[in-house]
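Report on the structure given below.
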Amino acid sequence: MIKNPSFYTVIIGTELLNGRREDSHFKFVNRELRKRGWEQKANFVIKDDPSFMRDVYELIKKDPTSVMFSFGGIGATPDDYTREVAAEVFRNGEMETNKEALNMILEQFKESAYPHRVKMANLPVNSKLLKNPINNVPGFFIDERFFFTPGFPQMAHPMVIEALDRFYPKNRKKHFCNFIADTSENYLIDIMKQLPKDLEFSSLPKIEGDKKTAEIYIADYDKEKVEKWCRFFKEEMKKRDLKILKEIE
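So in numbering that gives the first Met the number 0, spot 210 of the sequence shown is number 209, and the numbers just go up one at a time.
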């Protein structure tokens with residue numbers, strides 16, 4: 000388990016990019032992470048292209064705090080590349096027949112498991128399994144960090160919940176200060192520049208007709224730090240005769 004994880008999602012599916020289907024994974028993962036006090040660092044929606052998949056996995060692997068959920072491509076059809084690419088990136092290309100996965104597939108499909116379905120038990124070496132509540136064909140994970148699930152939401156989403164509940168159930172409480180400034184961002188930039196770089200900060204502008212506002216968000220795990228810099232921001236606004244339109248709880 001990574002102490003301070005950075006969560007990534009990789010959603011593999013040409014059918015999403017050409018409009019044949021719509022994605023449901025991104026919102027689901029966001030919701031489940033937020034329940035536990037986490038959030039995503041990045042989301043990739045990519046084609047079923049093994050070379051590009053390899054590049055994306057390598058990029059995520061370079062982050063020492065990365066935790067990844069990859070959706071799609073673990074089946075037995077010719078365009079299912081995920082198992083092989085995962086082995087290349089995370090296990091130097093080494094694969095093996097996972098006996099537990101093989102037994103599950105044989106139990107589910109009997110004779111019809113051959114010759115194709117049994118290939119889904121060929122996984123990167125030392126992979127562990129994720130339960131599939133629909134047809135018993137498991138997903139898998141590597142090093143308690145890199146999780147690989149089917150593209151079908153009914154199968155994949157319970158696997159994500161299993162992984163989070165098991166390895167990343169709860170983050171420390173994050174404290175925040177959130178309010179709407181009754182002014183455009185332009186008049187707040189000099190204040191923003193004085194905030195410490197390690198403080199989580201965002202400004203979201205909004206325009207309604209001629210009225211411009213900015214939603215200010217300051218957050219950190221240190222409550223006193225958030226209170227200090229929230230107070231600073233508001234005091235600096237007051238010095239400039241800028242008002243707060245609304246506090247957001």
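All residues carry an ideal CB built from backbone N, CA and C; glycine is no exception.
**OP:** Could you pull out every unbroken beta strand (DSSP E) segment of at least 3 residues lying fully inside the region 65 to 92, listed in chain order?
**Re:** 65 to 70
Subject >> Inter-residue CB distance, Leu198 and Asp219 (contact presumed, cutoff 8 Å) >> reply: Contact between Leu198 and Asp219 holds: their C-beta atoms lie close to 6 Å from each other, under 8 Å.
Subject >> Neighbourhood of Leu105 by C-beta, 8 Å cutoff - its chain only, sequence neighbours within 5 removed >> reply: Ala112 and Val117
**OP:** Kindly provide the ranges of any alpha helix (DSSP H) runs that are 4 or more residues long and lie completely inside the region 140 to 167, ordered along the chain.
**Re:** 152 to 166
Subject >> Ala41 versus Tyr7: straight-line alpha-carbon distance, rounded >> reply: 5 Å
Original post:
Pairing CB atoms from the region 20 to 29 with CB atoms from the region 76 to 89, are three or more of them under 8 Å?
Top reply: no
Original post:
Taking just the CA atoms, how far does Ile179 sit from Met154?
Top reply: 41 Å
Original post:
Candidates Gly74, Ser50 and Ser5: which alpha carbon is nearest Lys60's?
Top reply: Ser5
Subject >> Simplified DSSP assignment, three categories, for Met0 >> reply: coil
Original post:
Could you give the distance in angstroms between the alpha-carbon of Phe232 and the alpha-carbon of Phe146?
Top reply: 41 Å
Subject >> Assigned secondary structure, Pro123 (DSSP; H/G/I helix, E/B strand, else coil) >> reply: strand
Subject >> Complete alpha helix (DSSP H) runs within the region 180 to 216 (minimum length 4 residues, chain order) >> reply: 188 to 191
Original post:
Excluding the five sequence neighbours on either side, which residues of its own chain have a C-beta within less than 7 Å of the C-beta of Lys127, listed in chain order?
Top reply: Phe139 and Phe140
Original post:
Would you call the region 169 to 178 and the region 32 to 48 touching, i.e. three or more CB-CB distances under 8 Å?
Top reply: By the Cβ rule, the region 169 to 178 counts as touching the region 32 to 48, because three or more pairs are nearer than 8 Å.
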